[in-house]
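Enquirer:
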Amino acid sequence: MQITSHDMPTLADIPRLPADLADTTQSESVEAQAAPGMLDESVAAATQTLIERGDLARAAELAVMHWQQHPASPAAAFNCGYALQMAGRHAEAIVPYRETLALAPAWPSLKNNLALAIRQSGGHPELEHAFIEGALDDDPGNANAWTNAVITRLDRFDLDGALRAATRAVTLAPDSPLAANNATAVFKEAQRWDEAEQYAQRACALDPQDLAHRHNLSLLRLARGDFASGWNDYEARWHGAAELRDTLPGFARPRWGGESLAGKTLLVWGEQGIGDVLQFSRYVPLLAQRVHREGGRLVWNMFPQMGALIERSLGDHADVFDTHTRVEHLPPFDYELPLMSIPWMLGLDTDALFTSAPYLHADAAATDAWRHALSGETRLKVGLAWTGSLTHQRNRFRRVGLERYADAFAGMQKDVAFYSLQPGAQHDVEAAKATGFDVIDMTREWKTLDDTAAFVGALDLVITVCTSVAHLSGALGQSTWVLLDANPHWVWQHDRRDSPFYPSSTLYRQRTFADWRPVLDEVTTDLRALAT
């Protein structure tokens with residue numbers, strides 16, 4: 001969500017259909033428009049007109065038919081790839097694009113569009129990079145290719161190259177909201193926050209209808225502590241965040257907009273990921289106060305795997321605590337509210353946002369059982385989490401990797417016992433053991449987040465990257481060291497060692513993009529001092 005590819009490839013140097021002919025194309029059959037004698041330029045213009053009218057399927061049909069009739073024409077092949085790509089048929093577009101490449105390697109926009117088709121078809125970073133760089137070699141004035149080079153260069157951890165691409169893109173296309181948006185992304189990675197916010201605001205001004213820009217601006221404002229503006233802009237997430245589009249549940253009752261709740265029932269429901277719910281559950285008691293003060297009832301719907309932990313800790317604030325996963329099975333309600341909209345709806349100021357921790361509580365008996373099971377271990381007991389979700393778009397930046405932990409902590413095993421907090425990562429654990437770094441893995445015994453919480457409570461320290469473990473450990477009040485990349489999640493704010501959201505946490509930040517070595521050196525020094 002931080003970086004947006006050029007999702008709508010450009011059609012370069014193809015003349016538009018004259019206005020007096022445009023009105024007639026809609027009534028003509030595809031076969032007539034693709035007649036063997038039709039010129040490439042005319043078919044390309046007709047294709048473009050259909051695309052602009054939203055008739056993407058017909059445009060693709062026309063372009064495919066014309067290419068079949070003129071297989072030796074690079075113009076026909078390119079137009080076919082373009083039409084298929086605009087219709088969302090990215091994998092199919094690769095074939096005619098490659099044929100164009102064989103016939104006319106420097107065809108305008110070809111390499112740029114081919115790179116995007118590959119990316120949208122599952123991706124091949126090396127090919128994407130090569131084609132985008134080739135597009136720039138063919139046409140150094142191609143603003144779209146420069147905009148996309150921001151992405152492909154960041155994929156290769158080439159921050160300097162990505163910064164140059166962003167600067168060139170906004171120079172060549174000062175009115176492009178996408179160029180400004182991608183500039184925002186790369187200046188955030190460079191920790192140049194003022195410039196990043198300027199570009200984010202420019203993207204919003206250039207295209208206020210595209211809520212992706214407003215959502216990106218919200219994340220930057222929240223990270224900088226501008227909560228009043230940030231929460232308001234964050235409401236754009238359901239249409240602005242790529243991973244949330246088309247995921248909003250279809251409720252039969254309206255979103256709560258501040259109406260009186262006297263005699264009414266409000267449903268608050270968990271959204272997004274486990275870490276988000278762990279962080280924002282702290283605000284449900286404040287919402288419950290408002291609801292009950294006005295004479296209403298509160299229903300709280302929670303992810304099933306988190307139910308026991310959240311209900312024990314905070315469930316008493318709701319009149320009904322529910323873990324159903326289908327809308328039709330929910331208790332009756334009059335209004336609904338997503339969990340992460342609570343701060344915005346209640347107008348929470350900084351003091352209210354930074355509620356005290358711990359606010360979550362593991363099962364005491366389960367924690368005691370783990371302490372007893374680990375009582376024979378006299379070394380410092382440290383839990384490790386080294387990666388977030390492998391599908392998270394920023395995981396390549398925030399991931400440390402167990403191999404880096406193994407390298408940094410290899411000489412400390414006499415004084416420290418390391419435990420995996422990474423369910424499903426047995427392959428990583430075995431690979432680390434093969435190098436001589438022993439990580440004890442109890443994760444197979446955990447079924448729910450409550451099980452994880454009980455184990456975390458039996459440790460002396462948690463060392464983690466930015467993932468749900470960081471939120472869980474912090475919410476439990478466990479001593480937690482969080483390793484952060486140069487452009488971390490907004491909750492960790494900027495330029496501070498502590499976390500006002502999680503007072504028991506200490507933050508270790510990258511000072512240079514993608515460079516974990518100084519971070520791990522600092523963590524190792526502090527861990528050695530703690531263990532000896």
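Heads up: the sequence shown begins at 1 in the UniProt record's numbering, then just goes up one per residue. Idealized CB from N, CA, C, for every residue including glycine. Small disclaimer: the values here were computed from a predicted structure and weren't measured.
Figure out for me which residue from V327, W300, P338, A308 has the closest Cα to the Cα of V320.
Expert: W300
Enquirer: Would DSSP call residue 551 helix, strand or coil?
Expert: Nothing in the structure corresponds to residue 551, since the chain is present only between 1 and 532.
Enquirer: Take R253 as the anchor and find which of N216, A410, L337, D139 has the nearest alpha-carbon.
Expert: L337
Enquirer: What is the DSSP secondary structure of V462, reduced to helix, strand or coil?
Expert: It is a strand residue.
Enquirer: Which stretch, first to last residue, makes up the beta strand (DSSP E) that contains K111?
Expert: Run containing K111: none in the beta strand (DSSP E); it sits in the alpha helix (DSSP H), 110 to 120.
Enquirer: Closest to V382 by CA distance: which of A59, M442, A365 is it?
Expert: M442
Enquirer: Going straight from the alpha carbon of G296 to that of A162, what length do you get?
Expert: 52 Å
Enquirer: How long is the line joining the alpha carbons of T25 and T100, rounded to whole angstroms?
Expert: Note that T25 has pLDDT 32, beneath the 50 cutoff, so the model's placement of it is unreliable and the number below is only indicative. Taking the straight line joining both Cα atoms gives about 26 Å.
Enquirer: Provide the residue(s) that pair with F321 in DSSP beta bridges, ordered along the chain.
Expert: W300
Enquirer: Can you tell me whether G161 is helix, strand or coil according to DSSP?
Expert: helix
Enquirer: Mark D521 as exposed unless 16 or more other C-beta atoms lie within 10 angstroms of its C-beta, in which case mark it buried.
Expert: exposed
Enquirer: State the Cα-Cα distance for the pair S313 and L390, rounded to the nearest angstrom.
Expert: 29 Å
Enquirer: Does the beta-carbon of L267 have 16 or more other beta-carbons within 10 angstroms, so that it is buried, or is it exposed?
Expert: Under this definition L267 is a buried residue.
Enquirer: Can the beta-carbon of Y508 be found less than 8 Å from the beta-carbon of L483?
Expert: yes
Enquirer: Using 8 Å for Cβ pairs, my map puts L360 next to L309. What's the rounded Cβ distance?
Expert: 6 Å
Enquirer: Can you give, in chain order, each stretch of the alpha helix (DSSP H) that sits fully within the segment 365 to 405 and has at least 4 residues?
Expert: 395 to 398
Enquirer: Out of N148, W269, L84, E197, point me to the one whose CA is closest to H213's CA.
Expert: E197
Enquirer: Measuring alpha carbon to alpha carbon, tell me which residue in T355, A458, A366 is nearest L380.
Expert: Comparing Cα positions, the closest option is A458.
Enquirer: Could you name each continuous alpha helix (DSSP H) segment of 4 residues or more that falls completely within the segment 413 to 462, going from the start of the chain to the end?
Expert: 426 to 434, 449 to 457
Enquirer: What did DSSP end up calling R153 once you bin it into helix, strand or coil?
Expert: Per DSSP, reduced to three states, the secondary structure at R153 is helical.
Enquirer: Are the beta-carbon atoms belonging to F280 and I342 less than 8 Å from one another?
Expert: yes
Enquirer: Keeping to the same chain, check which residues put their C-beta closer than 6 Å to that of N79; ignore five residues upstream and five downstream.
Expert: A44, T47, A63
Enquirer: Mind reading off the beta-carbon distance from V416 to A531? Whole number of angstroms is fine, and I expect it under 8 Å.
Expert: 5 Å
Enquirer: Could you name the residues that DSSP lists as bridge partners for D498?
Expert: T506.
Enquirer: Checking 8 Å against the spacing of the C-beta atoms, do E189 and N487 come in under that value?
Expert: In contact: E189 and N487 (Cβ atoms closer than 8 Å).
Enquirer: When DSSP labels each residue in this structure, what does L103 get in the three-state scheme?
Expert: In the three-state DSSP reduction, L103 falls in the helix class (H, G or I).
Enquirer: Name the one or two DSSP bridge partners that Y335 has.
Expert: L266
Enquirer: Report the partner residues of V491 according to the DSSP bridge assignment.
Expert: Partner(s): none; V491 has no beta bridge.
Enquirer: Going by the CB atoms, is the gap between W146 and P169 shorter than 8 Å?
Expert: Note on residue identity: the sequence assigns Ala, not Pro, to residue 169. Yes, Cβ-Cβ distance for A169 and W146 is below 8 Å.
Enquirer: Select from L421, D438, A431, G436 the residue whose C-alpha is nearest the C-alpha of K447.
Expert: L421
Enquirer: Any heavy atom of the ligand FMN closer than 7 Å to the CB of A365?
Expert: Looking at this structure, you won't find the ligand FMN or any other ligand, since it has none at all.
Enquirer: Under a Cβ-count criterion, where at least 16 other Cβ atoms within 10 Å of its own Cβ denotes burial, should R245 be classed as buried or exposed?
Expert: exposed
Enquirer: Reducing DSSP to helix, strand and coil, say where T467 ends up.
Expert: Collapsing the DSSP output to three states places T467 in coil.
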